[in-house]
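Since the structure comes first, as C-alpha cells, the remarks are kept for the end.
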Amino acid sequence: MKEILRQLILDAASTAFENKEFISDDVPAFTIEEPKADAHGDLSTNFAMVSAKALKMPPRKIAETLLRLIGDNHPLIEKTEIAGPGFINFFIRPSAWHPVLMEIHEKEAGYGCSTIGHGQKVQVEFVSANPTGPLHVGHGRGAIVGDSAAALLSACGYEVYREYYINDAGRQIQTLGLSVLLRCRELAGQAVEFPEECYQGDYIKDIADELRREKEGWILTLPEAEAVAFCSRFAADRMIIRIRDVLDSLGITFDNWYSEQAMIDSGKVESAIEKFKSQNVIYEKDGALWFNTTDFGDEKDRVVVRNNGQATYFASDIAYHQDKLDRGFDRIVDVWGADHHGYIPRIRAAIEASGKDKKQFTVILTQLVNLLRQGVPVSMGKRSGQFITLKEVIDEVGRDAVRFIFLTRNYDSPLDFDLEVAKQKTNENPVFYVQYVHARISSILKKAKEESIQTVMGVNDPALADILELIREPEEIQIIKHLARYPEIIRQAAELMEPHRVAFYLMELAGNFHAYYNKHRVLTEDAALTAGRIYLIFAVQKVIRNGLTLLGVSAPDSM
RNA sequence: GCGCCUGUAGCUCAGCUGGAUAGAGCAACGGACUUCUAAUCCGUAGGUCGCACGUUCGAGUCGUGCCAGGCGCGCCA
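Read left to right, the first sequence gives residues 533 to 1091 (my numbering).
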C-alpha cells in the first residue's frame, strides 16, 4: 500500500516538473507512515515539507499541486487532505485493504519474508561462552537475541551461518582442568587444598565424578601436567555438551562450533601474526609483540604475544576474525555482552588492518541482565559458583516465556528479569497474551470444522470478492491494516537486528484481535459473513505464527 | 579521569533513524462470562520525556554541556 502511494506521489511530482510547476525533479527522502491519530487518515506523507526547500515553494502549495495531479478518483483512495504544516493525509477505501488477506493466504509462512539480503552471506557468532562454567541469564540474553536476529536475517534473504566460538585454549582451560583434577583426588579420599582461583561450582565435582567413573583411578596415576591436560580436554568437552543441551532447550542450534584450540593447531594464529608483522602493524617492544591498534582508532596498542612467548587471547581473536572473512562471509556479526564493549575498537582494527571494510563487521552489545525474585536481586557471585544458571531459569519459567521476555526489550537497555513475574500467566507476561490469540483462533477453526463450515477459500474462488465485501467493521479493517504492516516490520527488525520490534508488533496485533473477538462473533448465522471472518482470523493466525516462529516461541493450538 | 550504554506515567518498557494531541502492560478504581477459551475485553485516572542551551517549519528522537545509575579501561581471561 505504501509502495503504491509512493509511486503515485513520485509520478505526480515528475508530472509537475514536466509541467514546470516544480522547478526541480530532485526528490528528497520522504516518508510515508501511519499517523498515530485516526483523524489524520490511514497513511500520511511529509513529502511537501521535506521538499519545500528544493522547490522553493511553501509546503502547502506543493501539497495542493500534488493532490490536484493525483486526482480524486483513484480506486484505492477515499479522500485526501492537507493538514498541519503540510502533511498530505490519505484515507484509504476500506475494501482496498482486502488484498492483504489474500496475500497472506497465498504466501503462508512466506508472508513477511523478503529478498533484501540478496543472498549475502552473513555469519552470526553468538553465545561463545567459555566452557569453564554453566551459562547464566546474561548468556541467555545474547543467545536469544543472536538467534532471533539470525532468524530475521534469514527471513530477509540473507544466507545466515550461526557459529559458536569455543575458548578451549589457554589459561582458563588449564584452570578448569586443574579444578577437576583436584576434585578427582578429593573423591579418591586424598586431602587436597582447593585454591581460590579454581572453579568452585558443584558442576566441577559432577564432572570429576563422571571422569572417575569412566577412568577410575587411572587419572591419579598420571604425572601432574598430563593429568591436568587430560582433565582440561575432558572437562571442556563435558561443559560444551552441557551448554549445547541448554541452548537446545531454548531451540538454539549452530551451524558450527568453532574450536580455538583447533584454530591454533592449524597454525592460523601464527600466520595471522606473521602477516601483520610483514605489514608493520605488529611491532616488538619490551620483548612483547604489539598490534598497532591506535592507528585504527583504539585508545592504546594491544599486546599480541607476551614477553614470555605466550600469545594473548587477542591474538586468537585476530586470527579468528581473519578466518571469518577468509571464509567468504560478506558480513560478520558478533553478539557480545556489554562488558566486552572495550574490545570493539581492537577487533575493528584487526579487520581494517587486513584490508577489509569495517562496515562488514557489526557488534550487537546486549546489556546486562539483573536477575530478581519478587523485586529482590538474586546474587550473581561468579567465583563462588553460587548463581542461578540459565538452565534453572528455563526449568522454572519455561522456554517460551524466557525467550519472549528477552525479546520484549531493546537489547541496548539493561533488563530486570524477575523470576516470579516471568512465571505469572497474566498480561505482565505478554507471551501468553500473544499465544492466546493463536490458541483462540485454533479453537474457532476447530469448531467451524466440526460444524462443517468451510474454513479454507482459494484465492481464485469467485465468491471471495463478494464475501470480503462483508468484512468492513472498523475493528476488522484495523486488523487488516496492521497485518499489512508486518512485512515492513520484519524488514526493519532485520536491518536493525532488533527482534524486539517483532515482539511489540505481535502484542499490538494480539490486542487488536482480542478486542475484535470480544466485540464480534466469527461464527454467525450468516454463512457468507462467517466465511469472510474465518478468512480474516485465519490470516491473523498465520501472521502470529510467523512472528512467533521468528522469535523462537511456540504457537500453541490450545492453552 | 577517559570511553560505551541507560534515564519517558507509581512499576516494567515501546516510541517506526526528525513529524501532528508522547503510547502499551502492570498496579489503582468502575464495569462485561448461559455465547467461538475471561490467560480476554470496555471505561476512568496517571507525564516538566533527568536538567539547560542549541540546530529548524517541527526535537522524546539530532548536537553541546551538566546531573544520576550501570559497564569497561591489564604483557587477565
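The beta carbon of each residue, even a glycine, is placed where N, CA and C say it ideally should be.
| Asked | Found |
| --- | --- |
| Close Cβ partners of Gly644 (< 6 Å) along its chain, the five nearest in sequence each way excluded | Tyr1018, Pro1019, Ile1022, Asn1078 |
| Limits of the alpha helix (DSSP H) - the one that Ile1009 falls within | 1006-1028 |
| Check whether Phe622 and Leu537 have beta carbons under 8 Å apart | yes |
| Asn621 in three-state terms, based on DSSP | strand |
| Assigned secondary structure, His668 (DSSP; H/G/I helix, E/B strand, else coil) | strand |
| Where His853 falls, given that 16 or more other Cβ within 10 Å makes a residue buried | buried |
| Three-state secondary structure assigned by DSSP to Tyr690 | coil |
| Ala761 versus Leu922 - alpha carbon distance | 28 Å |
| Contact under 8 Å by Cβ, Cys716 with Ile751 | yes |
| Nonlocal neighbours in the same chain, by C-beta distance under 7 Å from Asn961, ignoring five residues either side | Ala933, Val953, Ala954 |
| Cβ contact (3+ pairs, closer than 8 Å) linking the region 563-576 and the region 622-639 | yes |
| Lys914 classed as buried or exposed, judged by whether at least 16 other C-beta atoms fall within 10 angstroms | A caution first: Lys914 carries a pLDDT of 46, below 50, which makes its placement in the model too unreliable to give a value. |
| Reference Leu743, options Glu729, Arg770, Phe726, closest by Cα | Arg770 |
| Contacting residues, own chain, Cβ-Cβ under 7 Å from Pro591 (five flanking each side not counted) | Ala580, Met581, Ala584, Pro617, Gly618 |
| Cβ neighbour criterion (16 or more within 10 Å) applied to Gly829 | exposed |
| Cβ contact (3+ pairs, closer than 8 Å) linking the region 840-856 and the region 901-909 | no |
| CA-to-CA distance, Phe726 to Thr753, given in whole angstroms | 19 Å |
| Beta-bridge pairing of Gly869 - partner residues as DSSP gives them | Thr898 |
| For Arg834, the first and last residue of its enclosing beta strand (DSSP E) | 834-837 |
| Distance CB(Val837)-CB(Ala820) smaller than 8 Å | yes |
| Cβ pair Ala740, Val712 closer than 8 Å | yes |
| Collapsed DSSP secondary structure at Tyr643 in the structure displayed | coil |
| Exposure of Pro811, with buried meaning 16 or more beta-carbon neighbours within 10 Å | Looking at the sequence provided, one finds Gln at residue 811 rather than Pro. Gln811 should be labelled exposed. |
| Residue from Ile736, Gln1010, Leu1015, Leu685 whose Cα sits closest to the Cα of Ala569 | Gln1010 |
| Start-end ranges of the beta strand (DSSP E) lying completely within the region 581-630, minimum 3 residues | 609-615, 619-624 |
| 6 Å CB neighbourhood of Gly917 in its chain, flanking five on each side removed | Confidence at Gly917 is low in this model, with a pLDDT of 49, below 50, so the placement of that residue should be treated as unreliable; the coordinate-derived value is given next. Here the set comprises Gln732, Gly733. |
| Alpha-carbon spacing of Ala1016 relative to Ala683, whole angstroms | 21 Å |
| Inter-residue spacing [alpha-carbon to alpha-carbon] between Arg931 and Leu782 | 6 Å |
| Simplified DSSP assignment, three categories, for Phe726 | coil |
| Residue closest to Phe938, alpha-carbon to alpha-carbon, out of Ala980, Val656, His1032 | His1032 |
| Per-residue burial, Arg935 [other beta carbons within 10 Å of its own, 16 or more giving buried] | buried |
| Asp700 and Ser791 closer than 8 Å at C-beta | yes |
| Burial state of His671 (16 or more Cβ within 10 Å) | buried |
| Those residues which DSSP pairs with Glu695 across a bridge | Glu657, Asn788 |
| CA nearest to the CA of Gly874, picked from Gly665, Gln704, Arg834 | Arg834 |
| Nearest candidate by alpha-carbon position, reference Asp1089, set Lys978, Pro994, Met1029 | Lys978 |
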